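Residue numbers (our numbering), protein chains in the order written: chain A, 1 to 242; chain B, 243 to 484; chain C, 485 to 726; chain D, 727 to 968; chain E, 969 to 1210; chain F, 1211 to 1452.
Virtual Cβ for every residue (Gly too), placed ideally from N, Cα, C.
Remember, predicted model here, so these are calculated numbers, not experimental data.
Encoded as structure tokens, the structure appears first; notes follow it.
Written out as structure tokens, the structure is:
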């Protein structure tokens, strides 16, 4: 089984970190590779970047499908860019890391909070809570106010802010589970889980497990457009066909 | 006052038709121009094309802003591509044609139905009903199964199908208002209103009126990102800066 | 175009202030007049007065229609008394000032708070949030505890309380837009917008713009009862026919 | 214990019928009287009449309170006019017949349908389903298209239409309980219950029982405005004080 | 009329207290008896005990029905164990004490809070708010952190904690009514009502009144399974038939 | 890894069939065993049996935990009896087959329908749709009117009815995915998927995959009660301790 993890931003060291995290999660015989799209933003913190990142994810899935394809795709940014369109162009499972974290949180705890990056990012989280019918489960969305790239430059400062917001979510908002709201936060999951006494979930790890199990079911996603219809679709100014 | 209507697909004759419709709606002293983006799909009927169309709309707003800007922007496809991101890059009003139709329907009738293009398009309408908190008002979404471009090639056949679905929405679903679910349907509004005895709303016309009145309020939209922050945003592979 | 603004309370100096505000908002060629009903309460702060005020609004619309009518009607109290019944007796647009403020807030900001008069008034606001499907957008409803007439007697004290609650809505409740919850608060809109850095919306101004644009659409409201049916309706003890 | 049933329309023979129904429901030692307000409509089938009927109910409660009062009040039209305002002017229980029918239906069946008068009346029912948080329980609202007064003139024809819509609600909409949507339908409850095999509920009967039990709890309703505040309230053109 | 109050826990002194409370509430000619089931938990504070308590309630109703039956049944623990299944095995009214408290709160106040036992108990309350469509009415659920049996051992300490949480619900959460979240809290209702100035509701008392009035309606509950079907049902390892 | 599948009914041949299905789904190195509880109903078609089945599931989990435990538990009846209580007594994953089917359906299709057993069973499905926040995704719940045991006696007749309802869900209700609403329906999944062209999901298979992946995450469920607290819990008349 081959799983392709798409880091929708184009920061390659981050893609390598995500690949390492994803490979640790994979079962035996599962090949996991991570890539960044040819095109897209360096960070995804607002609707603007979410829109561009969606194109990068769609572009990567379409090209991979033409070259033989993977068995499943993961969109590894916590706003899950390209998820809906990706499912229109391939029958293979496409899974988002926010979607995966929400999926497991439903079974592990009665509610959860999200720790995210910026205020602008919070709106993307709110959008996803609605699209996953998880509004009532989500007690709060707390930004660290440390940007995605700033977090990479000064990880200890970022982790401190992340822990502080996670702790406040548990103690003040009554959260019984924490969703780490960025693919760059994966390293915190284990330590925070121990410190806080509640599950602290990393979407990258969980998306790999969920994608594996989806492949194993043998079911195709049914949001796919027909091949004949898809081939009529072209995008002026974009080097892409479906 | 200058209003820029962006037809997110790149079919120029359709853009001309939309411009004509929009100009008819405009008040005295209001200059309305319609353009297609440099880049984007030829029709927007699914999430895939919605994603690419969003880029075209954002691209057009960003370029226009650099060249002096308009006083308001309209995204003239019924799934309102680029609406949220557009509001992040300009303080000027950005209005969607679906949004405008829903806005006026709230005041003209106790509920409404949408007549749309294809089954795939219906999912975009459902998404917008949720994002505009209009789920409870929407009695049904009925596709004609006539594609956007097919409709242009054979308008009478398209109009017949459109009328049939509008009639069924009124008679079987209890709709008291019809939203025309495509910028290409504008011509039907007046005739269908008379025939069906309920308001049949064209979003292009209404978006022009709504954008005018938003400009007149003098209020800026508050979803805008700060200029300093916006200038840090770049998109690899896209010829765009903010 | 003639727009009749109905101040549902019977305090004429307040009606004159509302008229001045409304006229400032009107476009060229639009005649705006404000009246108080023949009958009704001196302030509207609870369900009791909301009920009586509804009668005054209906009475005013019915009489005006008999005398030639206006092109649109505005009910200028923030609980929008008589809105639904008004739409049953005339095909012309009837707009509420709360409705107008909510309409524009949807496009200007991701959420809003309402600053209102008393605790009893808050329940009327809650009712309107439900009837306009805006519950999820409304972060809080904050009373100043200064009554409508007390506000007129001591405006500076009222404005101070109003600003304090607006500020708390922004800083503590996360509101990104403020709706001024009384027709008597209109004067605060501009100054508060500058001070708070978020749109502070006055419903009177916005209702005029919205009513104008509704008239321009040419669409009739479809909640209207048939003339034949309406003429069978009489109200014992009320000097009114329809 | 004295319960005052207010028939909000001013058709006295109907008030007498309602009184007879209500007295049958009353427990030992409970005195039940029915009155029509001094002022109000002859039938209540739309928002317009709902508004005027609310005044009649409020007026009747206020006058009765001044003359010694009853122990509980019932507003005996299925849209429950004056319910909220009535609770502001007396601490005694005020109960609506729609409210009572919904209250018992919650315990007798997993869902229900309403059989109502006209299409215009349906909107009042929809409003009440929202205000009682019963939207999800209500499978359908089916009008007979026989007006309130027409029903009194030709009862057999009205009952036939009523039975037909009740039957369709059970057989086609899956309703497991029927709420009779007019105080004038009371006589049908027993017979329809037997014929249809599901509870067919008359709100008048049930409101008497509910009001009795509310009085027995000894609890005051807490929506009441303070006496001092209430006494400042006057309504120009209405012969009423509080 | 005979009403059987089932205290789902097996602490007999508590059953006697509940019986005393229930008898005080009963009307003339109504015989009220309270029993504990043959089987079940000593306290009900979590889903685990809720499940076992449901069996005890079902068992008690089934046995009572075989021996002649009561006219109505009350399940007297605030999570209302056995309510749904009880209604499947008898056509007589089955009422829960949480259900009764919510029923009356709807008419006495615009909202309410629940004071409950433990954090684990709160989840049962949340479940019931959903099943009674009362989520929007419930401002908060506040545990005292004093267990059911601990409360019996040290009542003054328990009452102090209960009052403190009730007071906080009113002052900080804006509750206008308090629901006492345990059958063991009944004694506090009167005193707390006076001290807090809002209705403080005891479900045991209210369930008796509600059950009485349900019996008086003469309506049967329609969730009942047919006798023929019910007799096919057996439970291995349980000494029960239906 | 050891997964214990609990068939909550006590029909051993059915338990053997479920075990066979479950083993087919399991990954390498995963030992799957199926058992029936010591106690419980022979079929689960209504709330009554759901309540008794919950006890059997809790009993089985508690006993298994005392004897060394499994790594995960599955409750293999489509109403997921004992799910919430099971999670209170073990930190290991407990998964329901309805929960698993809903989990995968969210990613495979935009909506789904459930084909279930009887009308009484439908209410259990409705309850689970609410508890899993999946009400909006579920287009319809269609009973075959063939009981659980009748289905085993005459499988072809049962399968025909099942296919007919599945087909109607797709063609009339617009379902894009079918959830098989009984552990006894597993054999139909593959054939129906091919015939209907949409995913037809068997919860037993999917629950095994989901439980495996939950174990692999290493996260404990956080609804668990503390051991000290749990040990105070006893159930009179039940041979069980925790």
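Residue range of the unbroken beta strand (DSSP E) whose run includes residue i
i, result
"residue 385 of chain B", "380 to 385"
"residue 443 of chain B", "442 to 444"
Beta-carbon proximity check, residue i vs residue j, cutoff 8 angstroms
i, j, result
"residue 1111 of chain E", "residue 1043 of chain E", "no"
"residue 1098 of chain E", "residue 1340 of chain F", "yes"
"residue 1423 of chain F", "residue 209 of chain A", "yes"
"residue 62 of chain A", "residue 93 of chain A", "no"
"residue 422 of chain B", "residue 430 of chain B", "yes"
"residue 929 of chain D", "residue 769 of chain D", "no"
"residue 972 of chain E", "residue 1003 of chain E", "yes"
"residue 744 of chain D", "residue 909 of chain D", "yes"
"residue 902 of chain D", "residue 1190 of chain E", "yes"
"residue 1083 of chain E", "residue 1133 of chain E", "yes"
"residue 242 of chain A", "residue 231 of chain A", "yes"
"residue 1046 of chain E", "residue 1066 of chain E", "yes"
"residue 15 of chain A", "residue 205 of chain A", "no"
Start-to-end residues for the alpha helix (DSSP H) that takes in residue i
i, result
"residue 811 of chain D", "809 to 815"
"residue 989 of chain E", "980 to 993"
"residue 761 of chain D", "No alpha helix (DSSP H) holds residue 761 of chain D; the beta strand (DSSP E) holding it covers 757 to 761."
"residue 543 of chain C", "531 to 550"
"residue 972 of chain E", "First-last for residue 972 of chain E: 970 to 974, but that is the beta strand (DSSP E), not the alpha helix (DSSP H)."
"residue 228 of chain A", "227 to 230"
Of the listed residues the options, nearest to residue i (C-alpha basis)
i, options, result
"residue 529 of chain C", "C/655, C/641, C/716 and C/634", "C/634"
"residue 806 of chain D", "D/793, D/884 and D/778", "D/778"
"residue 167 of chain A", "A/227, A/230 and A/192", "A/192"
"residue 781 of chain D", "C/548, C/610, C/550 and C/525", "C/525"
"residue 26 of chain A", "A/233, A/218, A/207 and A/227", "A/207"
"residue 773 of chain D", "C/561, C/512, C/569 and C/551", "C/569"
"residue 765 of chain D", "D/827, D/732, D/960 and D/750", "D/732"
"residue 229 of chain A", "A/102, A/50, A/88 and A/173", "A/88"
"residue 344 of chain B", "B/361, B/363 and B/367", "B/367"
"residue 616 of chain C", "B/394, B/346 and B/387", "B/346"
"residue 1396 of chain F", "F/1267, F/1407, F/1384 and F/1373", "F/1373"
"residue 462 of chain B", "C/718, C/638 and C/682", "C/682"
Residue(s) in a DSSP beta bridge with residue i
i, result
"residue 1445 of chain F", "E/1009"
"residue 822 of chain D", "D/801"
"residue 483 of chain B", "B/476"
Original post:
Of all the beta strand (DSSP E) runs that stay within the bounds of the stretch 588 to 675 of chain C, which reach a length of 3 or more residues?
Top reply: 596 to 600, 622 to 627 and 662 to 664
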